[in-house]
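Enquirer: To start, I am sharing the structure in question, which I have written as structure tokens.
Residue numbers (our numbering): 1114 to 1672.
Here you go:
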């Protein structure tokens, strides 16, 4: 309401993002996606369409403008006045937001894995609280590693509160201390120490979430699922937590260590549902990024995921993962929708569920703008995640939002200039703007930082072909074809280069192989802008039929 009133007072005038934040949020620090999401929410309420707006127009690189006519109401306006006054009253009470910083380990060195896991579990528990914005693990750990006091971290993440604590384990006993801090003034609002048996750590996690909810005056909600002990074998739990540590690093070596840890945890406790789920996610990761033959990886992942849900059908994120796997293996879209519906029913607040739904429930059907709106919500809780921003930038590319795409690329480079995805996103932005020579340079940097993985070389080859460097594009094609004889190479990576070189027959052959091999890169076929010239080809429609997708009219904005 505050945003609508402010725009109404500037009818027909372009107002910058900074002006809006100053007026509507009193200059408080908010993440860039918060404003975007608020505008999107207002548009939905008004029944507006950002691509052909009748109410709120986006002015690229400048701000927003109310294009609807504003009339003054002098009679029967009591209800409207009351609504505005109510909004102004609630505006002074900023929605609580929270970051859980990594708990310090005061016990044995190997307990660092456990401390990281405890922090993550507390984050997961707090995420279920309605009305509380909780920063995801990736951004919480990244902000902590960048240093600074609580106030600086709070400003960096745009949160009102922080939790920090410590863990000390001695034998079968554990001591956990936790404290809630108001970030702006760094005042301590609550602290407590828990001295328990090590096996009671799961109860401690829940008690901390309850205490925070009470202190922030939040409603726990009758539907909130209480944390249950995932295993009674604490050695299995330690192996699981070590596996999570290695999995999140994402390298070949760390993923192999994570697989051993998850397998060991399951070996000690075959009914450890979340360990099965973690192993399933690891197999999906290996298949999606081409580190393992996708069909083999996704098949192994399905079995682990089904086992997790057989043990505990209430795991929302496991249902979301199963939906992804139904997409990868079977192109079974009704089953994908059913699993996502179940996941959202169990935990609609989960950023992981929303992230997976955007990628696999919306984007494959050409609904990239909707997927972008969903990912904007995820970025709001994980602002320092390069991976999430990479996908958000991709959705902006798919939906023709080139100015927002470039903003994401610049933000990613600020967050991590050494990450291959940051340079790949910059290359994609330049590619979308027609700056093909500069795009090639960025894709080269991405390939260098990413160890020249085949899928990165594929995008480089496509850019070279578009830029007119046919010899280099052909050389990259030949390199990938030769590699495919002895190792897995995503067929769509070769298809993109061949298409850029103008060989449609060979391009369609490689795309058909991609569909048969379950190469995930072929799934956004409805969204890729560079495929627009071939959408009238009968072979393209046959490929859609193989993927069980329905042809849509793609409408991309021009901003």
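Ideal Cβ placement from N, Cα and C applies to all residues, glycine included.
For residue 1420, tell me which candidate among 1434, 1407, 1408, 1409 has the shortest Cα-Cα distance.
Expert: Here residue 1420 corresponds to residue number 307 of the chain shown, with the count starting at 1. Checked all of 1434, 1407, 1408, 1409; the closest Cα to residue 1420 is 1434.
Enquirer: Using beta-carbon positions only, say whether residue 1400 and residue 1391 come within less than 8 Å of one another.
Expert: Position 287 of the chain shown, counted from the start, is the residue given in the question as residue 1400. Position 278 of the chain shown, counted from the start, is the residue given in the question as residue 1391. Going by beta carbons, residue 1400 and residue 1391 fall outside the 8 Å limit.
Enquirer: Using DSSP bridges, identify the partner residues of residue 1468.
Expert: Position 355 of the chain shown holds residue 1468. Partner(s): none; residue 1468 has no beta bridge.
Enquirer: Between the C-alpha atoms of residue 1249 and residue 1241, what's the straight-line distance to the nearest angstrom?
Expert: Against the chain shown, residue 1249 aligns to sequence position 136. Against the chain shown, residue 1241 aligns to sequence position 128. Cα to Cα, residue 1249 sits roughly 12 Å from residue 1241.
Enquirer: When we look at the beta-carbon of residue 1149 and count the other beta-carbons within 10 Å, is it buried (16 or more) or exposed?
Expert: The count along the chain shown starts at 1 and reaches residue 1149 at position 36. Classification for residue 1149: buried.
Enquirer: Counting C-beta neighbours from all protein chains within 10 Å, is the total for residue 1221 16 or more, i.e. buried, or is it exposed?
Expert: As a first step, residue 1221 must be located in the chain shown, where it is residue number 108. Residue 1221 should be labelled exposed.
Enquirer: Can you tell me the Cα-Cα spacing of residue 1354 and residue 1313, whole angstroms?
Expert: In the chain shown, residue 1354 corresponds to position 241, counting from 1. In the chain shown, residue 1313 corresponds to position 200, counting from 1. Taking the straight line from one Cα to the other gives about 16 Å.
Enquirer: Grouping DSSP H, G and I as helix and E and B as strand, with all else coil, what is residue 1307?
Expert: Position 194 of the chain shown holds residue 1307. Here residue 1307 sits in strand by DSSP.
Enquirer: State the start and end residues of the unbroken alpha helix (DSSP H) segment that holds residue 1656.
Expert: Stepping through the chain shown from its first residue, residue 1656 is reached at position 543. Element bounds for residue 1656: 1651-1659.
Enquirer: Give me the Cα-Cα distance between residue 1273 and residue 1262, rounded to the nearest whole angstrom.
Expert: Start at 1 with the first residue of the chain shown, and residue 1273 comes out as number 160. Start at 1 with the first residue of the chain shown, and residue 1262 comes out as number 149. Distance between the alpha carbons of residue 1273 and residue 1262: 14 Å.
Enquirer: May I ask you to list the residues that DSSP assigns as paired with residue 1287?
Expert: Within the chain shown, numbered from 1, the residue matching residue 1287 stands at position 174. For residue 1287, which the question treats as bridged, DSSP gives the partners 1282, 1309.
Enquirer: Find out if the Cβ-Cβ distance for the pair residue 1537, residue 1504 is shorter than 8 Å.
Expert: Sequence index remark: in the chain shown, residue 1537 carries index 424 (1-based). Sequence index remark: in the chain shown, residue 1504 carries index 391 (1-based). Their beta carbons are not under 8 Å apart, which means residue 1537 does not touch residue 1504 by this criterion.
Enquirer: Give the straight-line distance between the Cα atoms of residue 1382 and residue 1489, rounded to the nearest whole angstrom.
Expert: Taking the chain shown and counting its residues from 1, the one referred to as residue 1382 is at position 269. Taking the chain shown and counting its residues from 1, the one referred to as residue 1489 is at position 376. Taking the CA atoms as reference points, residue 1382 sits about 38 Å from residue 1489.
Enquirer: In whole angstroms, what is the alpha-carbon distance linking residue 1554 and residue 1426?
Expert: Position 441 of the chain shown, counted from the start, is the residue given in the question as residue 1554. Position 313 of the chain shown, counted from the start, is the residue given in the question as residue 1426. Approximately 48 Å between the Cα atoms of the pair.
Enquirer: I'd like the span of the alpha helix (DSSP H) that includes residue 1171, first residue to last.
Expert: Numbered from 1 along the chain shown, position 58 holds the residue referred to as residue 1171. Segment 1169-1172 is the beta strand (DSSP E) holding residue 1171; no alpha helix (DSSP H) there.
Enquirer: Return the bridge partner residues of residue 1177 from the DSSP annotation.
Expert: On the chain shown, residue 1177 is found 64 positions in, with the first residue counted as 1. 1128, 1171, per the DSSP bridge assignment.
Enquirer: Between the stretch 1473-1488 and the stretch 1223-1234, can you find at least three pairs of beta-carbon atoms closer than 8 Å?
Expert: A contact between stretches requires three or more CB pairs, one per stretch, nearer than 8 Å, and the stretch 1223-1234 fails this requirement with the stretch 1473-1488.
Enquirer: State the Cα-Cα distance for the pair residue 1302 and residue 1397, rounded to the nearest angstrom.
Expert: One-based indexing of the chain shown puts residue 1302 at position 189. One-based indexing of the chain shown puts residue 1397 at position 284. The straight-line gap from Cα to Cα measures roughly 42 Å.
Enquirer: With DSSP as the reference, label residue 1183 as helix, strand or coil.
Expert: Stepping through the chain shown from its first residue, residue 1183 is reached at position 70. Coil.
Enquirer: Check whether the stretch 1591-1608 touches the stretch 1560-1575, taking contact to mean three or more Cβ pairs, one atom from each stretch, closer than 8 Å.
Expert: yes
Enquirer: CA-CA distance, residue 1652 and residue 1640?
Expert: One-based indexing of the chain shown puts residue 1652 at position 539. One-based indexing of the chain shown puts residue 1640 at position 527. If you take the alpha carbons of residue 1652 and residue 1640, they lie about 17 Å apart.
Enquirer: What residue ranges within the stretch 1417-1468 form continuous beta strand (DSSP E) runs of no fewer than 3 residues, ordered along the chain?
Expert: none
Enquirer: Look at residue 1430 and residue 1389 and say whether their C-beta atoms are less than 8 Å apart.
Expert: Here the question's residue 1430 lines up with position 317 in the chain shown. Here the question's residue 1389 lines up with position 276 in the chain shown. Contact: no.
Enquirer: Determine the extent of the alpha helix (DSSP H) in which residue 1535 is found, giving its start and end residues.
Expert: For the purposes of this step, residue 1535 is taken as the residue at position 422 of the chain shown. Note, residue 1535: alpha helix (DSSP H), 1533-1545.
Enquirer: Compare the C-beta of residue 1641 against all C-beta atoms of chain D and say whether one is closer than 8 Å.
Expert: Of the protein chains in the structure, only one exists, and it is not chain D.
Enquirer: Could you tell me if residue 1665 is buried or exposed, where buried requires 16 or more neighbouring beta carbons within 10 angstroms of its beta carbon?
Expert: Position 552 of the chain shown, counting from 1, holds the residue named residue 1665. Exposed, by the Cβ-count rule.
Enquirer: Any heavy atom of the ligand NAP inside 7 Å of the beta-carbon of residue 1493?
Expert: You won't find the ligand NAP in this model; it holds no ligand whatsoever.
Enquirer: Quick check: the Cα distance between residue 1204 and residue 1138, rounded to an integer number of angstroms?
Expert: On the chain shown, residue 1204 is found 91 positions in, with the first residue counted as 1. On the chain shown, residue 1138 is found 25 positions in, with the first residue counted as 1. Confidence at residue 1204 is low in this model, with a pLDDT of 35, below 50, so the placement of that residue is unreliable and no value is reported for it.
Enquirer: Among 1500, 1440, 1496, which one has its Cα closest to the Cα of residue 1660?
Expert: Taking the chain shown and counting its residues from 1, one reaches residue 1660 at position 547. Checked all of 1500, 1440, 1496; the closest Cα to residue 1660 is 1440.
Enquirer: Spell out the partners DSSP gives residue 1246 in its beta bridges.
Expert: In the chain shown, the residue the question calls residue 1246 occupies position 133. In the DSSP assignment, residue 1246 is bridged to 1210.
Enquirer: Can you tell me which of the three DSSP states residue 1218 falls into?
Expert: For the purposes of this step, residue 1218 is identified with residue 105 of the chain shown, where counting begins at 1. Looking at residue 1218 - three-state DSSP - the assignment turns out to be strand.
Enquirer: On the three-state DSSP scale, how would you describe residue 1300?
Expert: Within the chain shown, numbered from 1, the residue matching residue 1300 stands at position 187. Looking at residue 1300 - three-state DSSP - the assignment turns out to be strand.
Enquirer: Enumerate in chain order the residues of its own chain whose CB-to-CB distance from residue 1444 is below 7 Å, with the five nearest sequence positions on each side excluded.
Expert: Counting from one through the chain shown, the residue named residue 1444 turns up at place 331. Excluding residues within five positions, the ones whose Cβ falls inside 7 Å are 1660, 1661.
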